[in-house]
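Below is one structure, written out as structure tokens; comments come after it.
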Amino acid sequence: MTTIAEAKIKPAPGIDGVKAYSVPKHPAPIDLKLDANEGGAPDAALLKRIQEIGPDVMRRYPDASAVQRLLAMRNGVEPANLIVTAGADDALDRLCRAVLAPGRELLLTNPSFEMLPRYARIAGASIREVKWWSGAFPTDEMLREIKPNTALIAMVSPNNPTGTVAIREDFARLAEAAPQAVILLDHAYVEFADEDMTSFALQFPNAIVARTLSKAWGLAGLRVGYAVSANEDLISWMRASGGPYAVARPSIALAAARIEADHGAMEKFVKQVRADRRALGGVLDELGVRHSASEANFVFITDSRALWIRDALASLGISIRAYSGDPVLGESLRITCPGDEIQCQRLVRALRTALKPSTQGADEWIVCHTLDEVRSARANGDVAIALVADRGKTDEFLRAGAARVVTDIKEMETFLQ
Numbered sequence: 000m001t002t003i004a005e006a007k008i009k010p011a012p013g014i015d016g017v018k019a020y021s022v023p024k025h026p027a028p029i030d031l032k033l034d035a036n037e038g039g040a041p042d043a044a045l046l047k048r049i050q051e052i053g054p055d056v057m058r059r060y061p062d063a064s065a066v067q068r069l070l071a072m073r074n075g076v077e078p079a080n081l082i083v084t085a086g087a088d089d090a091l092d093r094l095c096r097a098v099l100a101p102g103r104e105l106l107l108t109n110p111s112f113e114m115l116p117r118y119a120r121i122a123g124a125s126i127r128e129v130k131w132w133s134g135a136f137p138t139d140e141m142l143r144e145i146k147p148n149t150a151l152i153a154m155v156s157p158n159n160p161t162g163t164v165a166i167r168e169d170f171a172r173l174a175e176a177a178p179q180a181v182i183l184l185d186h187a188y189v190e191f192a193d194e195d196m197t198s199f200a201l202q203f204p205n206a207i208v209a210r211t212l213s214k215a216w217g218l219a220g221l222r223v224g225y226a227v228s229a230n231e232d233l234i235s236w237m238r239a240s241g242g243p244y245a246v247a248r249p250s251i252a253l254a255a256a257r258i259e260a261d262h263g264a265m266e267k268f269v270k271q272v273r274a275d276r277r278a279l280g281g282v283l284d285e286l287g288v289r290h291s292a293s294e295a296n297f298v299f300i301t302d303s304r305a306l307w308i309r310d311a312l313a314s315l316g317i318s319i320r321a322y323s324g325d326p327v328l329g330e331s332l333r334i335t336c337p338g339d340e341i342q343c344q345r346l347v348r349a350l351r352t353a354l355k356p357s358t359q360g361a362d363e364w365i366v367c368h369t370l371d372e373v374r375s376a377r378a379n380g381d382v383a384i385a386l387v388a389d390r391g392k393t394d395e396f397l398r399a400g401a402a403r404v405v406t407d408i409k410e411m412e413t414f415l416q
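Residue numbers (numbering that gives the first Met the number 0): 0 to 416.
Listed below in structure tokens is the structure:
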């Protein structure tokens, strides 16, 4: 018998060298999850829709036509100009499979949504990148990088992870300069932005817009997204580049019910997210923390203290996304806006405790020697730092809620450097 080690299995072209998606996390118990940019929870009554439909929702193959019509109506297009996908990720993957291949190229900004270059590599395409950390979209730089083999140009706006945005003129210049290429507008976070460019982009025959119900609509667990284009051929190519039943029937039913019964709930959530974003920007300015001018449902922070902030907030039950040692992002953080006033106040308080602890007996850093002391500090809203002699107990103290475990009190001096 041939063993796994002896097998001559090779990955498909483009797979070799692509890292698996993973997010390192602190092991402390978490009850406020702000690391994945998810939306607010929809009304629990939505689940009743499945009971009303009955068991056929599980027995029959999916038919996305109902939600397709609803989404087409919201975007002012015919259903044939829209494809429903398993989240916006599936739309991006299909698009890359449809228009990229060995010898063709994807042009995009860096940093940007991390799945785009991954899908391009799997399709065998090469990648050309232009830096865009802050400020205006780098249109002039992008135009200079367009080549005869440029087949796909991606504009993620609001950008993930920075939250920065492009404007109409940026999109128009790219679409007109590269008629041989598809111009992708990834609008996953557009509900939180000042301007929705979907209808403008659809004026161009080489444009396609990707959207999702995972963020503002609060349906990340259902995996429902879509792509829309004035060019039916682009949508047809995307249909052919994936399976016929991408989205499960229960997800389709719940997504349609969510849209039909919204009555302003989504807009109310978006308004609160924007208020959260302003509040977070204010406290970050107060604490001297550099952050981008985000128009998404998150704030992006570049700071050498990124891992300490992540761990201190985790000790208080809040998870955020930290990038450490990333070749592009360096030491940085992405924090989802809760979309809830009380939770936002808790987040603001936790950031202050992490970076500017009080000396008045509350919101402090507490040195703890036992697991009970760690749990007590966490319950009081203090950041627990475990001082132990035995490094072998590190995981146990972290799981109890300690931000860090040290064997020498002097190690604390390094946390904010």
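No residue lacks a Cβ here, since even glycine has one placed at the ideal position from N, Cα and C.
Quick one: grab the DSSP three-state call for C367. strand
Environment of L212 [buried if 16+ CB atoms lie within 10 Å]: buried
Please list, in chain order, all residues of the same chain as G338 whose beta carbon is under 6 Å from its beta carbon, the five residues on each side excluded. G39, F268, Q271 and V272
Quick check: the stretch 320-339 against the stretch 295-306, are there 3 or more CB pairs under 8 Å? yes
Inspect the beta-carbon positions of G329 and T352 and report whether they are closer than 9 Å. no
Sort A388, A150, R117 and F396 by Cα distance to A180 and report the nearest one. A150
Note the first and the last residue of the continuous beta strand (DSSP E) segment covering N74. Note, N74: premise wrong, no beta strand (DSSP E); alpha helix (DSSP H) at S64 to N74.
Considering only their Cβ atoms, is the gap separating N74 from L201 smaller than 9 Å? yes
Got a sec? Which residues, its chain only, sit under 8 Å from L286 by beta carbon, not counting five neighbours each side? L350, R351, L354 and K355
Give, in chain order, every unbroken run of the beta strand (DSSP E) that is at least 3 residues long and sits entirely within the stretch 286-373. 297-301, 317-325, 329-335 and 364-367
Select from P41, M411 and A85 the residue whose C-alpha is nearest the C-alpha of A247. A85
Residues bridged to G123 by DSSP? None, per the DSSP bridge assignment.
Local conformation of K32 per DSSP, three classes: strand
Contact criterion: CB-CB distance below 9 Å. Does S235 meet it with respect to chain D? Of the protein chains in the structure, only one exists, and it is not chain D.
Sequence-distant residues of its chain with Cβ nearer than 7 Å to P204 (five each side left out): A229 and N230
When the distance is taken between beta carbons, is P110 closer than 9 Å to I373? A small correction: the amino acid at residue 373 is Val; Ile does not occupy that position in the sequence shown. Taking 9 Å as the Cβ cut-off, V373 and P110 do not qualify as a contacting pair.
For V347, which residues from the same chain have a beta carbon less than 8 Å from its beta carbon, with the 5 sequence-adjacent residues on both sides left out? A278, L279 and V282
Taking A215 and F191 to be in contact with their CB atoms under 8 Å, please state how far apart those CB atoms are, rounded to whole angstroms. 7 Å
Which term fits P41, buried or exposed, when burial requires 16 or more other beta carbons within 10 angstroms of its beta carbon? buried
Suppose contacts are defined by Cβ-Cβ distances below 9 Å. Is T138 in contact with R172 by that definition? yes
Taking the C-alpha atoms as reference points, what is the distance between A124 and N158? 22 Å
So, are the CB atoms of Y225 and A90 less than 9 Å apart? yes
Bridge partners for R276 per DSSP, in chain order? None, per the DSSP bridge assignment.
Going by beta-carbon coordinates alone, are V66 and V223 separated by less than 9 Å? yes
Do the CB positions of T335 and D88 come within less than 9 Å of each other? no
Buried or exposed for G134, please, with buried defined as at least 16 other CB atoms from any protein chain shown within 10 angstroms of its CB. exposed
According to the Cβ coordinates, are A165 and L142 closer than 9 Å? no
Taking only the alpha-carbon atoms, compute the straight-line gap between V98 and I145 and give it to the nearest angstrom. 16 Å
Exposure of R289, with buried meaning 16 or more beta-carbon neighbours within 10 Å: exposed
I'd like to check one pair, L70 with I258: are the Cβ atoms closer than 9 Å? yes
Extent of the continuous beta strand (DSSP E) to which V181 belongs: V181 to D185
Answer with buried or exposed for T163, where buried requires no fewer than 16 other C-beta atoms within 10 angstroms of its C-beta. buried
By Cβ distance below 6 Å, which residues in the same chain neighbour A153 in space, the five residues on each side in sequence not counted? L107, L115 and L183
Drop a sphere of 10 angstroms on the beta-carbon of M237, count the other beta-carbons inside from all chains shown, and report buried for 16 or more, exposed for fewer. buried
Start-to-end residues for the beta strand (DSSP E) that takes in V189: Where V189 is concerned, there is no enclosing beta strand (DSSP E), given that its DSSP letter is neither H nor E.
Compute the distance between the beta-carbons of E395 and D381, then report whether it is under 9 Å. no
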